[in-house]
Structure formats: C-alpha cells, structure tokens
Ligand SMILES: [Zn+2]
C-alpha cells in the first residue's frame, strides 16, 4: 500500500466483498459519508478480534493498516477467528486529510495534516454520530477477545510504544511483547517511559499499561473506545498503537513540550539540528500487522 491509497480507501474496502468480507454501512457521517463495518469469518468462530482505526483522522497510518490487515485476512482466512473492522471512524476528517496526501508523502506533509476531532476521547458520548454508530455495531458482537484501536504518535517521536488496556491477560501480553520486541528494527527504539505521562505502568520497553475507568450504567461519560470495549466484553487483550513517522533518539528523555517544539520546528522550517530516522510506510504497516498477527497467534495458543 502507499500513502496515496488514502484517497481510495472506500473502494479498497468495498472490493474485499468479492473475497468474502461482509461489508455493512453501519451509519453515515455528519456530512453523509458512509461509515463501514467489515466482518470476516464465521459468526461461530472461537475468537473474535475487533479493530478500530481513524478515531484521530490525522493519524492516517491506522486506517491504511486496517485496510492492509483486512486485505490480508480475506486472502488468508483463519478459520477459528472472526474479525470485525471499522477502518475509517471519521470519514469526513479523513477525506479532507486525504486530499492533501500524494504519492510523495513527506514528514512535513504528515506534520501539516490538520483535520481531526477526538472520537477516541469522546467515544462514549453522544457528541459524534460516528461514535454512536460504531458503539451500536460493536454491541452486535456476542464477544470480543482482542481489541485494537489504531493510532499514531506525533510525527516525530523519541521512539515506539503501545498501550495495553488494564484488564488484558498477563501471559498473553507477555507473549505479544516478546514477539514484537523480536521484530522491531534496531534503529527504532522501544520507549522505556511514556512521554505523555498517561500510562500507569511500564510492562516492558515499548509496552505501557493504561488504566481504564469503570463505566457506570446509564452514564454517558466521554470514555474511550477501550473503556467501552473493556466494560462490555472483558477481552483478553486491548491495545492502542502509537506509531511515529520519524524517530528522533535525541528526544529520548525529552518532555512532551520539547517533543512538541521539535515537531513544530520541522513543520515550519522543514529541518532540525537533531538526527531524524524516518520509518517507511512499509515498516509502519508491518509493525501494526505484526501486533495483530501475534495477538491472534497467541490467542489461539492460549
Ligand atoms: Zn490518536
């Protein structure tokens, strides 16, 4: 896949129907664009894995990865696993961002993506019709064993990390962390602490535990999709990816504000005195696909 495929995600999603994916229009966006929910695999499959992408529409690699994962699972189905995917949670913002993405997509282009709303932070509120539709669709699953919300970090970040939701099964998490540590390229550091300060605990380099607040019945709190899925389904594994476009190892011990300053400097001037290592789209997609693939393998072995 290429960055420019962002402009044809709907047709890439729809063409998987011919390979056996079941595609539903689960709702429409505020501006009337289709919101798609895709399922692959038998309803009675032993495991259900759900993937949501694009809650923050500037974090475009998530939606590309969701479509790449969809294409791979329809080509090579796994009989014991049913997948549910919402590759584009915010079609209106993604559409505007995609209009600025060409085949030659640069770090500075990534820094200039600007159309975004917080569908993750407001997932359980009534604010966005997209969130209401996705919640209703999720509730049709009789169970969810693993859940992923695909995000991206700031385009320039000190390294790579993933959040794991608090109720995840520790042995399963250990296996997935081991699998990921083995495939992350040596020039992409796995962070030893969470630069955002949101994580409760460092489980291993690159894996931070996220506490999820208890959801009160009939209380429309602005909780995240993770809190929603954790409350309704108690999955064995919940994860959020935070993949950067480029790594700046000099920022390893930087504060969030210093990281932001470097991002702004490169956005406005196009350069920085600090060394930057770009992560190719191919590698970004490989890392996200590997996270899902490893979890599926470990679920089946558990
Ligand atoms: Zn995000």
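Residue numbers (this note's numbering): 486 to 787.
By construction, the Cβ of each residue, glycine as well, lies at the ideal position given by its N, Cα and C atoms.
Fair warning: this is a prediction, and the values are worked out from it, not measured in the lab.
- A distance criterion of 7 Å places the beta-carbon of residue 527 beyond contact range of ligand 1, judged by its closest non-hydrogen atom.
- Looking at the DSSP output, residue 507 sits in a beta bridge with 524.
- DSSP places residue 533 inside the beta strand (DSSP E), whose first and last residues are 532-538.
- For residue 498, there is no enclosing beta strand (DSSP E); the residue is part of the alpha helix (DSSP H) that begins and ends at 494-499.
- Leaving aside the five residues that flank residue 724 on each side, the residues in its chain whose CB is nearer than 6 Å to its CB run, in chain order, 633, 647 and 649.
- The beta carbon of residue 544 sits closer than 7 Å to at least one heavy atom of ligand 1.
- A residue is called buried when at least 16 other Cβ atoms come within 10 angstroms of its Cβ; residue 683 does not meet this threshold and is exposed.
- In this chain, residue 554 is not harboured by any beta strand (DSSP E); it is covered by the alpha helix (DSSP H) spanning 546-560.
- Per DSSP, the continuous beta strand (DSSP E) segment holding residue 648 begins and ends at 646-650.
- Classified as buried, residue 524 has 16 or more neighbouring CB atoms from the shown chains inside 10 Å of its CB.
- Of the heavy atoms belonging to ligand 1, at least one sits nearer than 7 Å to the Cβ of residue 636.
- The residue from 638, 580 and 693 with its alpha-carbon nearest to that of residue 600 is 580.
- Shown here, residue 739 sits in coil according to DSSP, grouped into three states, outside any helix or strand.
- In the DSSP assignment, residue 636 falls outside any alpha helix (DSSP H) and lies within the beta strand (DSSP E) extending over 631-637.
- In the three-state scheme derived from DSSP, where H, G and I count as helix and E and B as strand, residue 676 is classed as coil.
- Apart from the 5 residues on each side of it in sequence, residue 737 sits with its Cβ closer than 6 Å to the Cβ of 643 in its chain, given in chain order.
- Following the DSSP letters along the chain, one finds residue 778 inside the alpha helix (DSSP H) bounded by residues 766-786.
- With respect to residue 575, residue 540 sits close: the two C-beta atoms are nearer than 8 Å.
- Around residue 691, the same chain offers 644, 645, 646, 647, 662, 665, 666, 669, 675 and 676 as residues with beta carbons nearer than 8 Å, after the five sequence neighbours per side are excluded.
- In the DSSP secondary-structure assignment, residue 596 is not bridged to any residue.
- Contact holds between the region 779-787 and the region 519-537, because three or more Cβ pairs, one in each stretch, are under 8 Å apart.
- Following the DSSP letters along the chain, one finds residue 615 in no beta strand (DSSP E) but inside the alpha helix (DSSP H) bounded by residues 614-623.
- For residue 611, the three-state secondary structure derived from DSSP is coil.
- Secondary structure of residue 487 (DSSP, three-state): coil.
- DSSP places residue 518 outside both helix and strand once states are collapsed to three, so it counts as coil.
- The beta carbon of residue 761 sits closer than 6 Å to the beta carbons of 731 and 733 from its chain, once the five residues preceding and following it are set aside; these are given in chain order.
- Each residue's CA atom was taken as its position, placing residue 629 and residue 754 some 45 Å apart.
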